[in-house]
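Trainee: Position one of the sequence shown corresponds to residue 1192 (this note's numbering), numbered consecutively onward.
Can you keep this structure in mind? I'll have questions shortly.
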Amino acid sequence: FDIGGRLVNISASLGVAVHPADAADADVLMRHAQMAMHQAKEEARGHFRLFDAEQDRRTHERRNLIKRVGNALEQGELQLFYQPQVDMVSGRVTGFEALLRWIDPLRGVVPPLEFLPAVEDSELIVDIGEWVMRQALDQAVVWRKQGLDTRISVNIAGRHLQLPDFVERVQRALEAVPEALPANLGIEILESSAMRDFVHVRRVIEACAGIGVPFSLDDFGTGYSSLAYLSQLPATTVKIDQMFVRNLFERREDQ
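Structure follows, in structure tokens:
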């Protein structure tokens, strides 16, 4: 459009539903077209998408699963298990990693890969992450009173990490457990999370280090990062993916 001598470009996102394959009823057909349009907007504006019944089914399943996990958090069905981190030379336990599990009253223990991927891009992952931090700090206080002063590392999702007030959220978690020390908490992030907004993540790591909370970089080497990036991230620990060491004694390249 030429508006007052200024060229203004617009784009359209289109959703397409086909009669009668996608629906015989006009209202249902229109609803399916709207679903396809929303998918087009989510993926890339200015494109069109055909209604996909299978995709619609998966979307409904994901929404239902997110709702169930949210209920699980409210009803106390989420639990942390603690995996020791051991110095293989001395045999000394140097810390713990908190592992999230869903204890479903009907199914029992639900593996994290069955529910975490569905919630990682939702607001719920932030609520879960902050609950995990508080639970880990509570456990650290219990162990210190029993004679074990240690650090518990928790996994933080990329969506949570990218929040502009993430450091303040870590501080609030510490304040919620007054007897906990910053050194009792460690934060683990995936390499892919660090690469989303490198400058922001570096600032977050530096700010958290300033209050005594260290960072670990997990799955290093599986994405697009390089040693140049690694040298600029002030993480205290790098967890190398097992693919690099699985065949350490069989393949000279791995060595």
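Each residue gets a CB set at the ideal place from its N, CA and C atoms; glycine is no exception.
How big is the Cα-Cα spacing for L1198 and F1192?
Mentor: One-based indexing of the sequence shown puts residue 1198 at position 7. One-based indexing of the sequence shown puts residue 1192 at position 1. Between L1198 and F1192, the C-alpha separation is close to 6 Å.
Trainee: Are the beta-carbon atoms of C1399 and F1406 separated by less than 9 Å?
Mentor: Counting from 1 along the sequence shown, the entry for residue 1399 is found at position 208. Counting from 1 along the sequence shown, the entry for residue 1406 is found at position 215. For C1399 and F1406, yes; Cβs fall inside 9 Å.
Trainee: V1207: which of G1196, L1241, I1201 sits nearest, CA to CA?
Mentor: Taking the first residue of the sequence shown as position 1, residue 1207 is located at position 16. The shortest Cα separation from V1207 among G1196, L1241, I1201 belongs to L1241.
Trainee: Under 7 Å Cβ to Cβ from I1316, same chain only, skipping five residues before and after it: list those, please.
Mentor: Numbered from its first residue, the sequence shown carries residue 1316 at position 125. For I1316, where only same-chain residues beyond five positions count, the Cβ hits under 7 Å are V1310, A1348, R1350, H1351.
Trainee: Compute the Euclidean distance between the alpha carbons of V1358 and K1232, then round it to the nearest angstrom.
Mentor: Stepping through the sequence shown from its first residue, residue 1358 is reached at position 167. Stepping through the sequence shown from its first residue, residue 1232 is reached at position 41. So the alpha carbons of these two residues sit roughly 32 Å apart.
Trainee: By a C-beta neighbour count over all protein chains shown, 10 Å radius and 16 as the cutoff for buried, is L1408 buried or exposed?
Mentor: By 1-based counting over the sequence shown, the position of residue 1408 is 217. Buried is the call here.
Trainee: Quick check on DSSP: helix, strand or coil for F1239?
Mentor: As a first step, residue 1239 must be located in the sequence shown, where it is residue number 48. The answer is strand: DSSP assigns F1239 an E or B state.
Trainee: Please work out which residues of its chain come closer than 7 Å, Cβ to Cβ, to Q1446, disregarding the five sequence neighbours upstream and downstream, and give them in chain order.
Mentor: Locating residue 1446 in the sequence shown gives position 255, where the first residue counts as 1. Counting only Cβ-Cβ distances below 7 Å, and skipping sequence neighbours, we find L1439.
Trainee: What number of angstroms, rounded off, separates the C-alpha of A1215 from the C-alpha of A1419?
Mentor: Against the sequence shown, residue 1215 aligns to sequence position 24. Against the sequence shown, residue 1419 aligns to sequence position 228. If you take the alpha carbons of A1215 and A1419, they lie about 57 Å apart.
Trainee: Starting from L1381, trace the beta strand (DSSP E) in both directions and tell me its first and last residue.
Mentor: As a working mapping, residue 1381 is identified with position 190 in the sequence shown. Where L1381 is concerned, the enclosing beta strand (DSSP E) stretches over 1376-1381.
Trainee: So, are the CB atoms of L1372 and A1426 less than 9 Å apart?
Mentor: The count along the sequence shown starts at 1 and reaches residue 1372 at position 181. The count along the sequence shown starts at 1 and reaches residue 1426 at position 235. Not closer than 9 Å, so no.
Trainee: Jot down the residue ranges of each uninterrupted beta strand (DSSP E) in the segment 1218-1301, minimum 3 residues, whole runs only, in chain order.
Mentor: Whole beta strand (DSSP E) segments, 3+ residues: 1239-1241, 1269-1277, 1284-1295, 1299-1301.
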